[in-house]
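These notes concern the structure reproduced below.
There are 2 protein chains.
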Amino acid sequence: MSNILLRGCRGVVTWSPDGDYKVLTNVDILIENGKIRSVEKSGDISVSERECTVIDCRDKIVIPGLVNAHTHSPMVLLRGYCDDLELHEWLQRMWEVERHLDENIVEKASELAIMEMISTGTTAFIDMYFYPHVTAEVAKRFGIRAALGPPFIDVILSPDKVARDLEHFCKVYSEDELIMPIVNVHSIYTCAIDTLKLARDIARENNLLIHIHVSETRKEVFECKQRHGKFPVELLAELGLLSNRTHMVHLGWVTSREIELIRENNATVAHCPVSNMKLATAGFFPFYEMAQQGVNVTLGTDGAASNNCLDMFREMKTAVLLQRNNYWDTRIKAMHVLKAATLGGYKLLRLNGGAIEPGKLADLVLLDADSIYIQPLRVDNLVSNIVYAATGRDVAMTIINGKVVYDRDRDYTRFKERVTELSRYLNQFISKFYGVTF
Amino acid sequence: MSNILLRGCRGVVTWSPDGDYKVLTNVDILIENGKIRSVEKSGDISVSERECTVIDCRDKIVIPGLVNAHTHSPMVLLRGYCDDLELHEWLQRMWEVERHLDENIVEKASELAIMEMISTGTTAFIDMYFYPHVTAEVAKRFGIRAALGPPFIDVILSPDKVARDLEHFCKVYSEDELIMPIVNVHSIYTCAIDTLKLARDIARENNLLIHIHVSETRKEVFECKQRHGKFPVELLAELGLLSNRTHMVHLGWVTSREIELIRENNATVAHCPVSNMKLATAGFFPFYEMAQQGVNVTLGTDGAASNNCLDMFREMKTAVLLQRNNYWDTRIKAMHVLKAATLGGYKLLRLNGGAIEPGKLADLVLLDADSIYIQPLRVDNLVSNIVYAATGRDVAMTIINGKVVYDRDRDYTRFKERVTELSRYLNQFISKFYGVTF
Numbered sequence: 001m002s003n004i005l006l007r008g009c010r011g012v013v014t015w016s017p018d019g020d021y022k023v024l025t026n027v028d029i030l031i032e033n034g035k036i037r038s039v040e041k042s043g044d045i046s047v048s049e050r051e052c053t054v055i056d057c058r059d060k061i062v063i064p065g066l067v068n069a070h071t072h073s074p075m076v077l078l079r080g081y082c083d084d085l086e087l088h089e090w091l092q093r094m095w096e097v098e099r100h101l102d103e104n105i106v107e108k109a110s111e112l113a114i115m116e117m118i119s120t121g122t123t124a125f126i127d128m129y130f131y132p133h134v135t136a137e138v139a140k141r142f143g144i145r146a147a148l149g150p151p152f153i154d155v156i157l158s159p160d161k162v163a164r165d166l167e168h169f170c171k172v173y174s175e176d177e178l179i180m181p182i183v184n185v186h187s188i189y190t191c192a193i194d195t196l197k198l199a200r201d202i203a204r205e206n207n208l209l210i211h212i213h214v215s216e217t218r219k220e221v222f223e224c225k226q227r228h229g230k231f232p233v234e235l236l237a238e239l240g241l242l243s244n245r246t247h248m249v250h251l252g253w254v255t256s257r258e259i260e261l262i263r264e265n266n267a268t269v270a271h272c273p274v275s276n277m278k279l280a281t282a283g284f285f286p287f288y289e290m291a292q293q294g295v296n297v298t299l300g301t302d303g304a305a306s307n308n309c310l311d312m313f314r315e316m317k318t319a320v321l322l323q324r325n326n327y328w329d330t331r332i333k334a335m336h337v338l339k340a341a342t343l344g345g346y347k348l349l350r351l352n353g354g355a356i357e358p359g360k361l362a363d364l365v366l367l368d369a370d371s372i373y374i375q376p377l378r379v380d381n382l383v384s385n386i387v388y389a390a391t392g393r394d395v396a397m398t399i400i401n402g403k404v405v406y407d408r409d410r411d412y413t414r415f416k417e418r419v420t421e422l423s424r425y426l427n428q429f430i431s432k433f434y435g436v437t438f
Numbered sequence: 439m440s441n442i443l444l445r446g447c448r449g450v451v452t453w454s455p456d457g458d459y460k461v462l463t464n465v466d467i468l469i470e471n472g473k474i475r476s477v478e479k480s481g482d483i484s485v486s487e488r489e490c491t492v493i494d495c496r497d498k499i500v501i502p503g504l505v506n507a508h509t510h511s512p513m514v515l516l517r518g519y520c521d522d523l524e525l526h527e528w529l530q531r532m533w534e535v536e537r538h539l540d541e542n543i544v545e546k547a548s549e550l551a552i553m554e555m556i557s558t559g560t561t562a563f564i565d566m567y568f569y570p571h572v573t574a575e576v577a578k579r580f581g582i583r584a585a586l587g588p589p590f591i592d593v594i595l596s597p598d599k600v601a602r603d604l605e606h607f608c609k610v611y612s613e614d615e616l617i618m619p620i621v622n623v624h625s626i627y628t629c630a631i632d633t634l635k636l637a638r639d640i641a642r643e644n645n646l647l648i649h650i651h652v653s654e655t656r657k658e659v660f661e662c663k664q665r666h667g668k669f670p671v672e673l674l675a676e677l678g679l680l681s682n683r684t685h686m687v688h689l690g691w692v693t694s695r696e697i698e699l700i701r702e703n704n705a706t707v708a709h710c711p712v713s714n715m716k717l718a719t720a721g722f723f724p725f726y727e728m729a730q731q732g733v734n735v736t737l738g739t740d741g742a743a744s745n746n747c748l749d750m751f752r753e754m755k756t757a758v759l760l761q762r763n764n765y766w767d768t769r770i771k772a773m774h775v776l777k778a779a780t781l782g783g784y785k786l787l788r789l790n791g792g793a794i795e796p797g798k799l800a801d802l803v804l805l806d807a808d809s810i811y812i813q814p815l816r817v818d819n820l821v822s823n824i825v826y827a828a829t830g831r832d833v834a835m836t837i838i839n840g841k842v843v844y845d846r847d848r849d850y851t852r853f854k855e856r857v858t859e860l861s862r863y864l865n866q867f868i869s870k871f872y873g874v875t876f
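Given below as structure tokens:
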């Protein structure tokens, strides 16, 4: 039965044409063939129960699926590992372990990460890690959308090998419903100029998104300016890597001129507030200036090693908090980050989702309207309470491409048992480097 | 049966004499008459099951109870209300509603707040709100510790009335096991100098803690300096309000000289990172300088209207994140905030708790060691994963004064049903001012 009727949804959050959010109450949502067929006043849609699965949503809030616009999902393996280091030293410690990874470890870690993501309302993620075909297969198995591909990172992988792997990856997944091949480039500071150009050419040839860390730390910007005479975004523009198919992550140390370049080229950006704060990269991601100029701002958790969770609800809250602390005012509101995490993410992936209206992809999250932690709930405080009070634990169900990929009542216990096995397995590996297992 | 044996605890987090944390594995904790009687290698404590309740803790992590060192618990009523305003305008809107409160509303709101607190591992809270005797009774009913009393706030209540109410409050609760009367003073900017002196005298006479908001905003500091010629902490010192029985909250705009005064007087401080960020008060709570100088730093959520949750796990994470963003380095670590939230809180309340060793109060929190969201879990990443990955939702049981006040399996569904009733009731009240109820 591929059709679903979400009957009597207490509240539905979506977007108005004027850019503000809107809340619909007491509506039915009909899902057919992976898409939203109709959104009507409850009772107006008549379906035979033989034709579709009816889900009682009288105690549910429905929001568009959340897109984690930057992560390294298998890094759940390194959750809590060397947690109190600053970025560049921390990165060395991560690489030290990562050199010993194999497909098996990445598979187990991907599984753990994806269970965390779908059970907390993430419907798509943009990933950068080793053995992406392994993560892609796990994503397909669980039914979550993933944009990924082998990463250019000269300090670890030869660029020719990455190019060959990427070519193969594209062939395998070019027509996939859930998997989107992208060109992952770790950063300017870990790739030679020739590697950056190679990545650019492959992206152009195949019309792929380039996903790259940019201006995460002051050190990185300083060294880029010293080495190349340009700020990072300027360098990317000069090399032809800046286009409407470029997705830049972090941008904590970006200049006004670079923001202009981003806008002129219609590139997209991802803000990862928790990771930036935890790794003490400081800086200031100019959320308001970007959004004001029409840049598509998205939100990501980064890897669990620098967060340490993949819960987009927690990320949304921290994004508002950090920006208010930056600007010394409340110009960034709950609505802005919810939009970045939903509509922004789908726009980045060029998918027709992130809103709840007929014709959109049926990527939806059902929250418990009667959760202890978001009361008293009303129409006027719904978006506030979703962003500031809810967490992924309030998710009752996640629907992707019209399929129920997570139903807490059905899946939670099963997930928990599987996670215990995975955790034991991953700890056997990590204990070789450090750490005492219980 | 008042004795409890926590058998085979997988991991126990407590403090070493050198100030660092330590993790014990596979231990039994025996609780007798509200106190921890012994902590031994599992199997070494022999008790007859008739003498005590045995709780299987092989899949549990045990940590000391969390103290919410600053909140306005009944403000859960205003969760999500006027969420995007800055402090001083926001405060006006809060007061507008608060003028219409009655005991009934405060009772219902206290109940909602306390269910949230005990189900997320809070074992004691320092509260400032109207009708504190109502909140005190609810706290007693649920078995949570509360330090509270009527607030001096000249803009709303006459100081003489507050003094009389406080005298009565002290009489009622002076010998209470769970309730600790304190002198609540809203702030310098909402009280006359004479009111501050009155509060000081009552505190001295009865040896009570003074709990006051100080230097939350730049505006407040500026106006204090203009009006009184002194910075806020200097003014409090001059008026004799600064002592080892003074608990100051926020301190986002404090000077070095004021930190010295705090240290010299052995006063305690509470950091409320989420509230400060959400209300965009900016500034910089100097966590490191305070802790370095030996000031007892504690942690609070503030009211749910400016947070919007009372989950101390989320507060701990944000405290590290904000401080790392402030200092541009990782000097503030997971361990520091866990200590502030446990040991620091008990020290503030002059209670012998916040650590897990014989003789300490049996205020404990049991977390699921097999939670999906904190894997892979090991001894070396335990504190990290508690602070950065766990939330209050990982709490399986909360024990206060040797009693199980929350057992998720027993209480969660019951709480949820009660919360639905409370929410409906509170929304009827709040809808008079604003808002559409579902």
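These protein sequences, in sequence, are chains A and B. The first sequence begins at 1 in my numbering and counts up one residue at a time. The second sequence begins at 439 in my numbering and counts up one residue at a time. Ideal Cβ placement from N, Cα and C applies to all residues, glycine included.
message: Checking 8 Å against the spacing of the C-beta atoms, do Leu87(A) and Thr217(A) come in under that value?
response: yes
- prompt: Across which residues does DSSP place Gly449(B) in a beta bridge pair?
  reply: Thr463(B), Ile499(B)
message: Between Phe125(A) and chain B, is any beta-carbon pair separated by less than 8 Å?
response: no
- prompt: Name the chain A residues whose beta carbon is nearer than 7 Å to that of Glu524(B)?
  reply: Asp329, Thr330
query: Going by beta carbon distance, what residues of the same chain come within less than 8 Å of Gly359(A), once the five residues before and after it are set aside?
result: Lys35, Ile36, Asn352
- prompt: Between the stretch 793–818 of chain B and chain A, which residues of the former have CB atoms less than 9 Å from a CB of the latter, in chain order?
  reply: Asp806, Ala807, Asp808, Ser809, Ile810, Tyr811, Ile812, Gln813, Pro814, Leu815, Arg816, Val817, Asp818
field: Proximity test, Cβ basis, 8 Å: Arg410(A) and chain B
entry: no
- request: Look at the Cβ atom of Ala827(B), then the Cβ atom of Tyr811(B), and state whether they are nearer than 8 Å.
  value: yes
task: Give the DSSP-derived three-state secondary structure of Ser384(A) in the structure shown.
output: helix
- request: Using beta-carbon positions only, say whether Ile442(B) and Asp466(B) come within less than 8 Å of one another.
  value: no
- prompt: Can Ile61(A) and Gly11(A) be called in contact, C-beta distance under 8 Å?
  reply: yes
query: For Phe722(B), which three-state DSSP category applies?
result: coil
message: So Glu289(A) contacts chain B; which residues on that side make the cut at Cβ distance below 8 Å?
response: Ordered by position in chain B, no residue passes the 8 Å Cβ test against Glu289(A), which lies about 17 Å from the chain.
field: Alpha-carbon spacing of Ala547(B) relative to His247(A), whole angstroms
entry: 45 Å
For Thr851(B) and Ser243(A), the rounded distance between their alpha carbons: 52 Å
field: Counted within 10 angstroms of its Cβ, other Cβ atoms place Arg245(A) as buried (16 or more) or exposed
entry: buried
query: What residues from chain B crowd round Arg324(A), counting only those whose CB sits closer than 7 Å?
result: Met715, Lys716, Ala718
field: Chain-ordered neighbours of Met115(A) on chain B, where CB pairs are closer than 7 Å
entry: Ile810
query: Looking at C-beta atoms only, is the number of pairs between the stretch 544–559 of chain B and the stretch 742–761 of chain B that lie closer than 8 Å three or more?
result: yes
field: Beta-carbon neighbours of Gly19(A), restricted to chain E and to distances below 8 Å
entry: Absent from the structure: chain E. Protein chains present are A and B.
query: Listing by chain order, which chain A residues have their CB less than 7 Å from the CB of Leu550(B)?
result: Gln375
task: Work out the CA separation of Lys432(A) and Ala163(A) for me, nearest whole Å.
output: 32 Å
- prompt: Which full runs of the alpha helix (DSSP H) of 4+ residues lie inside the stretch 474–544 of chain B, going along the chain?
  reply: 525–536
- request: Please decide whether Ile582(B) counts as near chain A, where near means a Cβ-Cβ distance under 8 Å.
  value: no
message: For chain A, check one thing: does any of its Cβ atoms lie closer than 8 Å to the Cβ of Asp494(B)?
response: no
message: Distance check for Asp849(B) and Leu805(B), CA to CA, integer angstroms please.
response: 15 Å
- prompt: Rounded to the nearest angstrom, how far is the Cβ of Asn325(A) from that of Lys278(A), given a contact under 8 Å?
  reply: Incorrect: roughly 15 Å between the Cβ atoms, too far for contact.
message: Under 8 Å, with one C-beta from each stretch per pair, do the stretch 603–613 of chain B and the stretch 854–869 of chain B reach the 3-pair mark?
response: no
query: Hey, how far is the Cα of Thr135(A) from the Cα of Thr573(B)?
result: 51 Å
query: Residues in the stretch 500–513 of chain B with C-beta within 9 Å of chain A's C-beta atoms, listed in sequence order?
result: none
task: Kindly provide the ranges of any beta strand (DSSP E) runs that are 3 or more residues long and lie completely inside the stretch 707–766 of chain B, ordered along the chain.
output: 734–737
- prompt: Would DSSP call Thr398(A) helix, strand or coil?
  reply: strand
message: Nearest by alpha-carbon distance to Ile400(A): which of Ala69(A), Asn26(A), Ala146(A) is it?
response: Ala146(A)
- prompt: Using a C-beta cutoff of 8 Å, does Ala772(B) count as contacting chain A?
  reply: yes
task: May I have the straight-line CA-CA distance separating Ile469(B) from Gly840(B), to the nearest angstrom?
output: 6 Å
- prompt: From Ala577(B) to Val842(B), what does the alpha carbon distance come to, in whole angstroms?
  reply: 14 Å
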